[in-house]
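Residues 1 to 219 in the UniProt record's numbering are what the sequence shown spells out, letter by letter.
The beta-carbon is built from N, C-alpha and C at its ideal position, and this holds for glycine as well.
Being a predicted model, the structure only gives us computed values, none of them experimental.
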Amino acid sequence: MVAVHLAAVPVHAQAAAFERMVMRNPTVAAVVERMPALALPGCYLAAGALFQTVWNCLTGRDPEAGIRDYDLDYFDGGDLSWEAEDRVIQRADALFADLGATVEVRNEARVHLWYEERFGVPCPPYTSTEAAIASFPSTSACFGIRPSPSGLEIFAPYGFADVFSMRTRPNPVLAPRWVYEAKVARWRAEWPELDVLPWPEVDTIEHEAREARSRRVDG
């Protein structure tokens, strides 16, 4: 299978295949082409539109099938007001109005202001868009892309093996269990080929957290 093959090839080949697949989605390509016009700091097209496009390519679906929205994340710590973020949203709405798709814009610098009220757990302030992407509830969701002088810059903190294996792996660094399980239930309904890994038990999470802290100290 193509997915099995891609999950095992070197990272540079995985990155090239990832780029080819996501750019087959015409909405992804259009957003990537236009996003520099917004001149947003730390801006990436992230998450669902990327890994779901890859799943569609791997399973022979239309590249845009099942994709609800396109997440454009940026980081502006200089103005944490809703009014500033809303002005960016309105500019983006005008820029992407003809695409026939929902482009969701979010300033990751102000997520901690509303996250606990919505999801029931506190969110420490992010330090960058990359930090936010790395905290998404599944490793398959932790992707960001943006144009660069050399082509397409890809941020993939957990690599490509899971997305090419059509595997959803929990990433319990922030989001609670119910968020992950609600998302994978929706994804599996759309892509029944998925291999869904369960949320880890508390002891496993604590062990992994200790291991991560130990690696930081040792490094």
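9 Å Cβ cutoff, residue i in contact with chain B
i	result
VAL105	Going by chain labels, chain B is absent from the structure shown, which holds only one protein chain.
Exposure label - residue i; buried when at least 16 CB within 10 Å
i	result
TRP187	buried
GLY219	Its pLDDT being 44, under 50, GLY219 is placed unreliably by the model, and the measurement read from it follows with that caveat. The residue is exposed, with fewer than 16 neighbouring Cβ atoms inside 10 Å.
PRO192	exposed
VAL121	exposed
THR102	exposed
GLU130	buried
ARG146	buried
ALA134	buried
ALA97	exposed
ALA141	buried
HIS207	Residue placement at HIS207 is flagged as unreliable, the pLDDT there being 49, under the threshold of 50; a coordinate-derived value is accordingly withheld.
Option nearest residue i by Cα separation, candidates the options
i	options	result
MET23	TYR74, ALA134, LEU152, GLU108	LEU152
GLU201	LEU194, ILE89, ARG177, TRP191	ARG177
ALA175	PRO149, TYR115, ASP195, GLU193	TYR115
ALA132	VAL88, VAL111, PRO36	VAL111
residue 220	ALA30, ALA17, VAL184, PRO36	Nothing can be reported for residue 220: it is not among the residues displayed for the chain, which extend from 1 to 219.
PRO137	PHE18, PRO63, TYR180	TYR180
ALA17	ALA84, LEU50, SER135, ALA39	LEU50
ALA92	LEU38, ASP98, GLY78	LEU38
VAL173	GLU83, ARG87, PRO124	PRO124
TRP82	ALA185, ALA13, PRO198, LEU113	LEU113
Contacts around residue i, its chain only, beta-carbon distance under 7 Å, and the 5 residues preceding and following it disregarded
i	result
ALA8	none
THR139	TYR158, ASP162, ARG169, ASN171
ALA13	none
LEU95	ARG34, ALA37, LEU38
ARG213	Bear in mind that a pLDDT of 49 at ARG213, under 50, signals an unreliable position, so the model cannot answer this.
GLU19	LEU152, ILE154
LEU6	GLN14, ALA17, PHE164
PHE119	ALA175, PRO176, VAL179
8 Å CB neighbourhood of residue i in its chain, flanking five on each side removed
i	result
SER128	GLY42, PHE75, GLU108
ASP195	SER165, MET166, ARG167, THR168
VAL184	SER138, THR168, LEU194, VAL196
ALA11	A quick correction: the sequence has Val, not Ala, at residue 11. If we look at VAL11 and ignore the five residues flanking it on each side, its Cβ neighbours are GLY159, PHE160.
TRP199	PRO170, PRO172, ARG177, TYR180, GLU181
LEU80	ASN107, ALA109, ARG110, LEU113
ARG68	GLY48, THR102
ALA84	ASP76, ASN107
Which residues DSSP lists as bridging residue i, in chain order
i	result
ALA46	ASP71, GLY144
GLU104	ASP71
PHE155	GLY144
THR129	THR129 pairs with nothing; no bridge assigned.
PRO170	SER138
ASP195	ARG167
Cut-off 6 Å between Cβ atoms - residues of its own chain near residue i, not counting five sequence neighbours on either side
i	result
VAL31	LEU45, TYR70
ASN25	THR53, PRO63, GLU64
ASN56	PRO63, ALA65
GLY60	none
Nearest-angstrom beta carbon gap, residue j and residue i [assumed within contact, 8 Å]
i	j	result
VAL105	LEU72	5 Å
ALA47	PHE155	Not confirmed; about 11 Å, so no contact.
VAL88	LEU40	7 Å
GLY100	GLU190	No, GLY100 and GLU190 are not in contact; Cβ-Cβ is about 19 Å, not under 8 Å.
Cβ-heavy atom distance, residue i to the ligand SAH, below 8 Å
i	result
TYR158	What this structure holds is no ligand at all, so the ligand SAH is not there to describe.
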